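Have a look at the structure below, then the notes.
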Amino acid sequence: MMPKVYADNAATTKLDREAFEIMRLYMLEEYGNASQPYSFARAPKRALQEARAIIAQCINALPGEIYFTSGGTESDNWAIKGVACGWPRKSQIITSKIEHHAVLRSCAFLEQNGYAITYLPATRQAIIENGVLVDKISSATRLVSVMTANNEVGSIQPIRELVKTAHANGALFHTDAVQAVGHINVDVRDSDVDLLSASAHKFNGPKGIGFLYIKTGIDIKPCHHGGAQEDGMRAGTENIANILGMAIALRNNCRQLEKNIDKLKGIEEAFLSALNNAKVDYILNGSEQRIPGNISISIRNADGEMLLHRLDLMGITVSTGAACDSKETRVSHVLNAMGVPEEYVRGTIRVSFGKDNCIDDALFVADSLKKILVAK
Ligand code: PLP
C-alpha cells in the first residue's frame, strides 16, 4: 500500500519515470546480449557505452573508469577486498566506526584473514576528522576507506583533506559515496579519490545496480570471475536495462541538483520549525554539512521503534536508523560511535525527504509526531 508520505528516501527512492520508460525498451525489445557479435547486440552495446559516458560525466571521471556492479554492497566489497588481495597480509587498512556494514563486514572478513584493521572514531556530529587519521596512519597503511556521507545521520565528511593525508602516506583512498551521488556534487578529479562506490536505487534509479569508480592505473583485482565483461574486471552478462536506467536517473538528478537541494533545505527547515513550535524535546543528529533532506532526530525518553509503527499507522514511512538494521532493536553502531546521550538515543528516527516530497509532507509528519508524543 502506498503511504501518504514516503519519507525514507535514504533507504531507497522511487524510480525516475524516464529511466523506467527506457528500461522497458531494453527489457522487452532490445534485450540482446551486449557481448554477442551479431546486429541484435548493437543497440545494447551502444546503450552500455552511452550509460558509461553519462555516469562518468556526472562524477567527472573517464568512461573507462566506471565499472558496473550489482549495487553499493558489491562495490564496497570489491573496492576493499579487490585492492587488499594483492598485498602482504600484515598490511593495514584504516576505516571508520560509522561506515555502512558493507564496508565494516568486508574489513572484518579481512581482519579474520590476517589484515590489521583500524577503526577511526567519529565526533559527536559523526565527522571523521583529519587529525585522527593523521594519528593512526603509517607507512604500513595501504588503504583508507571513509564514506562521503553517512546513511544514518547524513554528515558529509572532509574527503579532500582525508585523501591528501592518505596519499601523503602512500595509501589508496576508497569512499562509499552511496548516499552522496545524485544528491550533492561529487567530483572524483577534485577530491582525488582512487575508488568510489555508488548505488542506483539511492538516486531514483533501479535496484540491484551500481558502479565502482576505479581511477586509471589503480591496482585492483576482480572479485567476480567468469566472462570477459567489464574489461575482464567484473564477469557476468550486463543488465543493460538497469545500467541505462541508472545512467538516466543519475543524469536527471544531476541536472536538477541545485533545485533539489534548495527544495529539500526548505522542507527540512519547515519540518524542524514545526517540531520547535510544538516544543518537542529532541536533538538534531549529524553535522551542519549534511545530505539535504536526511534528518535524524533523537527524542528524549521516546521509543524510536514505537514512533515508526505509530507513524506507519498514520500513513507515514520513516526509519529508526539504517535500513539494514531495521530488524535489530539495539542502538545502531553509528549512534553509539557518536555518543548520543542515553535518554535520547532510543528515541531516534530518521526522516529522509526526497525530491518528490513537499512542505505539506513535512508539516504532516511533524504534526503526526507531535500527536503521538502528546498521547504517549
Ligand atoms: N553504503 C551505504 C552508505 C548505504 O546507505 C547502503 C544502503 O543502504 C549501501 C552501502 C548498500 O547499498 P546497496 O543497497 O546498493 O547494496
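Quick note: the sequence shown uses the numbering used here, first residue 359, plus one each step. We treat Cβ as the ideally placed atom computed from N, Cα and C, and that holds for glycine. Computed from a predicted model, the values in this text were never measured in an experiment.
Where does the unbroken beta strand (DSSP E) through Gln407 begin, and where does it stop? No beta strand (DSSP E) contains Gln407, which is instead part of the alpha helix (DSSP H) from 400-417.
Taking the alpha carbon of Val546 as the reference point, which residue from Arg518, Thr370, Ile641, Ala460 has its own alpha carbon closest? Arg518
Distance, Thr453 Cα to Tyr477 Cα: 5 Å
Expressed to the nearest angstrom, what Euclidean distance is found between the alpha-carbon atoms of Trp445 and Gly430? 24 Å
Are the Cβ atoms of Gln587 and Ser393 separated by less than 8 Å? yes
Considering Cα atoms alone, identify which of Thr595, Val504, Lys573 is closest to Glu457. Val504
Segments assigned alpha helix (DSSP H), at least 4 residues, entirely inside the region 471-546: 488-494, 517-526
For Thr706, count the other beta carbons within 10 Å of its own beta carbon; 16 or more makes it buried, fewer makes it exposed. Which is it? buried
Measure the Cβ-Cβ separation of Ser464 and Asp493 and say whether it is below 8 Å. no
Is Asn509 near ligand 3, going by C-beta to nearest heavy atom under 7 Å? The ligand content of the structure shown is limited to ligand 1, which means ligand 3 is not among them.
Which value, in whole angstroms, describes the spacing of the CA atoms of Ile625 and Ser631? 10 Å
Out of Gly644, Phe722, Met664, Gln537, state which residue places its alpha-carbon closest to the alpha-carbon of Ala480. Gly644
Comparing the CB of Thr431 with every heavy atom of ligand 1, is any distance shorter than 7 Å? yes
Grab the span of the alpha helix (DSSP H) containing Ile717 for me, first residue to last. 717-733
Could you pull out every residue in the same chain whose Cβ sits closer than 7 Å to the Cβ of Ser726, ignoring the five residues on either side in sequence? Leu669, Met672, Ile674
Cβ atoms of Pro516 and Glu381: under 8 Å apart, would you say? Before going further, note that residue 381 is Met rather than Glu in the sequence given. The answer is no: Cβ separation not under 8 Å.
Rounded to the nearest angstrom, what separates Leu462 and Leu693 at their Cα positions? 15 Å
Could you tell me the distance, in whole angstroms, from the CA atom of Ser654 to the CA atom of Val363? 17 Å
If you draw a straight line from the C-alpha of Asn715 to the C-alpha of Ser555, how long is it? 26 Å
According to DSSP, is Gly430 helix, strand or coil? helix
Taking only three categories from DSSP, how would you classify Ser463? The displayed chain sequence assigns Arg, not Ser, to residue 463. Reduced to three states, the DSSP call for Arg463 is helix.
C-alpha gap between His559 and His667, whole angstroms: 24 Å
Which listed residue (Leu622, Met696, Leu608, Lys729) has its alpha carbon closest to that of Arg375: Leu608
For Ile475, which residues from the same chain have a beta carbon less than 6 Å from its beta carbon, with the 5 sequence-adjacent residues on both sides left out? Ile451, Cys465, Glu469
What residues are listed by DSSP as bridge partners for Ala556? Phe569
Please state whether the Cβ-Cβ distance between Ala369 and Ser677 is less than 8 Å. yes
Nearest-angstrom Cα separation, counted from Phe722 out to Ala733: 17 Å
Looking at chain C, is there any beta carbon in it that lies within less than 8 Å of the beta carbon of Ser710? Of the protein chains in the structure, only one exists, and it is not chain C.
Beta-carbon proximity check, Gln647 vs Ile514, cutoff 8 Å: yes
Label His541 either buried or exposed according to how many other C-beta atoms from any shown protein chain fall within 10 Å of its C-beta, with 16 as the threshold for buried. buried
Do Gly390 and Phe398 have their CB atoms nearer than 8 Å? yes
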